[in-house]
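For reference, the structure is listed below as structure tokens.
In structure tokens form, the structure reads like this:
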């Protein structure tokens, strides 16, 4: 027949021929991009071993791995990357903090936190941090360094997340916060923000959460009079090899004093 | 009718009712998980504004954003993360290098490179680096620090990639390389590997590629007699707040000497 069932039957028969040809050519995997309006073809493909590799917007990409072994094709993408902006006034040691309308976890609801958010696809970390700080607080700030990063598993949609605290220098000070996302925004002494991170750690049932860890070490660096510009990993334009787009960034460690500890997991923190 | 067309019609009519209910409840977005065997329902959903948010394996997740504004729902995942293992014998300054059977770019074909690969979903960076080194070379090595990271755009499937060079201490020295992926594997002097990275940079038409940048700085640290254990970002178990799974890792900068330069993009490298 000429209806959808007949179409699916005839699509399936054609697919059998194509898969046989590809197998005979010695190929092990077959990719198929299916526009969303043609998704009715997918069950016939699934019956022949195709599974979703990824899908976004208007199309799905399916893969059939032909050998009986597990597919070695890498996942589409495993991570989202977040950036938190520690905008620190070096003269006053005041830091820009926000309260989110709805916090990511109930235990952090109502706590002061650093402005920040997810880096967009194609965005530089430094640009993402400056954008998030500006969007949430109205303050313009310049990226200086990545101070520390936290790697977590099982975030949204089962993906992993890497969250990086970026030291930033304020270029403006006036606050004009986004009332949709943020319920309050202030410049407070770094020591006061440290107390807030310790209170949140306590509510979370951990001795010291990531933010408290980072702030404690930055506070110690301030107290020692360290040059904060020398902390962490900086950013640097790199030569872009043929075949790669522009926007290559090297995050380069810089001379630091003893800020953060931990040679390995077996070493206790300072 | 009761055939697929009739089913799709009736599914579409039901979906209209559900969307209206959701809209009236003041919700802005509607998620729909569709098993691959039921993909025939997707065109009817697409006609009502649903688009793929993501799909993996046996199911697709579709999202309809109801307001006329752009959807603020974050991408599924934006990044893959790769780890390269710089397994360095501190006494001899020999480094473990491989030649890939098929290199990622034609300009790096036949060059010595560090063993490495993509971190698996849910895997710690240190574990991923040790796994990749072992799989490719047969050498067991212990993670010490992340020395530098490179952020690139437009990698496989249009995603971004973050590639991190990990300093590792060899626990064994005997090479037993994977002949499927690797055509050669050796311990060579770090200075010889630096020459290889410079030759690759030249073929790529860049003054200094990322590997050359990192090796040049590690070589300089070796020549100064720096304690290599003090370079870069280390790894540290962090308290895991309620609601997060285990496997939380802090990458903590450690005391370093002046290894890498670049306070900002405006600062030239040393």
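Residue numbers (the UniProt record's numbering), protein chains in the order written: chain A, 1 to 270; chain B, 1 to 270.
Even glycine gets a Cβ: it sits at the ideal position worked out from N, Cα and C.
What you are looking at is a predicted structure, and each value in this text was computed from that prediction instead of being measured.
Based on the DSSP secondary-structure assignment, which residues constitute the bridge partners of residue 113 of chain A? BP columns for residue 113 of chain A point to A:98.
In chain order, what residues of the same chain have a beta carbon less than 6 Å from the beta carbon of residue 183 of chain A, not counting five sequence neighbours either side? Around residue 183 of chain A: 99 and 101.
State buried or exposed for residue 82 of chain A, treating a residue as buried only when at least 16 other CB atoms are found within 10 Å of its CB. Only buried fits residue 82 of chain A, as 16 or more other CB atoms lie within 10 angstroms of its CB.
Taking 8 Å as the limit between beta carbons, can you name the residues of its chain near residue 125 of chain A, skipping five residues before and five after? The residues are 81, 83, 119, 143, 146, 164, 166, 235, 249 and 251.
Can you tell me the Cβ-Cβ gap for residue 188 of chain B and residue 95 of chain B, rounded? I've got them flagged as a contact below 8 Å. That belief holds up - the Cβ atoms of residue 188 of chain B and residue 95 of chain B are roughly 6 Å apart, short of 8 Å.
Contact list for residue 132 of chain B against chain A, beta-carbon separation under 8 Å: Those within 8 Å of residue 132 of chain B in chain A number zero; the least Cβ separation is about 12 Å.
Exposed or buried, what is residue 40 of chain B when buried is set at 16 or more other beta-carbons lying within 10 Å of its beta-carbon? So residue 40 of chain B counts as buried.
Beta strand (DSSP E) runs contained entirely in the stretch 57-91 of chain B, provided each spans 3 or more residues: 59-65 and 79-89, all fully within the stretch 57-91 of chain B.
What are the boundary residues of the beta strand (DSSP E) that includes residue 183 of chain A? That run of the beta strand (DSSP E) goes 182-189.
So residue 19 of chain B packs on residue 48 of chain B, CB below 8 Å; how close in whole Å? Residue 19 of chain B to residue 48 of chain B, Cβ: 6 Å. Contact.
Does the stretch 147-154 of chain B touch the stretch 62-69 of chain B, meaning 3 or more C-beta pairs lie closer than 8 Å? Between the stretch 62-69 of chain B and the stretch 147-154 of chain B there are fewer than three C-beta pairs closer than 8 Å, too few to call the two in contact.
Express the C-alpha separation of residue 97 of chain B and residue 177 of chain B in angstroms, rounding to a whole number. If you take the alpha carbons of residue 177 of chain B and residue 97 of chain B, they lie about 11 Å apart.
Roughly how many angstroms lie between the CA atoms of residue 74 of chain B and residue 173 of chain A, to the nearest whole one? Rounded to whole angstroms, the separation of the alpha carbons of residue 173 of chain A and residue 74 of chain B is 29 Å.
Pair within 7 Å by beta-carbon distance, residue 54 of chain B and residue 76 of chain B: Taking 7 Å as the Cβ cut-off, residue 54 of chain B and residue 76 of chain B qualify as a contacting pair.
Please list the partners that residue 118 of chain A has in chain B, where partner means a Cβ-to-Cβ separation under 7 Å. For residue 118 of chain A, the neighbours in chain B by C-beta distance under 7 Å run, in chain order, 74.
Return no unless some Cβ of chain A is closer than 7 Å to the Cβ of residue 42 of chain B. Yes, residue 42 of chain B counts as interfacial toward chain A.
Contacts of residue 137 of chain B in chain A (Cβ-Cβ under 7 Å): Chain A residues near residue 137 of chain B: none, gap ~18 Å exceeds 7 Å.
Which same chain residues end up closer than 7 Å to residue 58 of chain B when comparing Cβ atoms and leaving out the 5 residues on each side of it in sequence? The answer, listed in chain order, is 35 and 36.
Shorter than 6 Å, the distance from the beta carbon of residue 109 of chain B to the closest heavy atom of the ligand ZN, or not? In terms of ligand content, the structure shown is empty, and the ligand ZN therefore cannot be addressed.
DSSP beta-bridge partners for residue 125 of chain B? Residue 125 of chain B pairs with nothing; no bridge assigned.
Report the neighbours of residue 172 of chain B on chain A: residues whose CB is nearer than 8 Å to its CB, in chain order. Within 8 Å Cβ-Cβ: nothing; residue 172 of chain B doesn't reach chain A, min ~18 Å.
Of all the residues that make up the stretch 50-64 of chain B, which are near chain A by a beta-carbon distance shorter than 9 Å? Within the stretch 50-64 of chain B, the residues whose Cβ lies closer than 9 Å to some Cβ of chain A are 50, 51, 52, 53, 54, 55, 56, 57, 58, 59, 60, 61 and 62, listed in chain order.
Please state whether DSSP places residue 42 of chain B in a helix, a strand or coil. It is helical.
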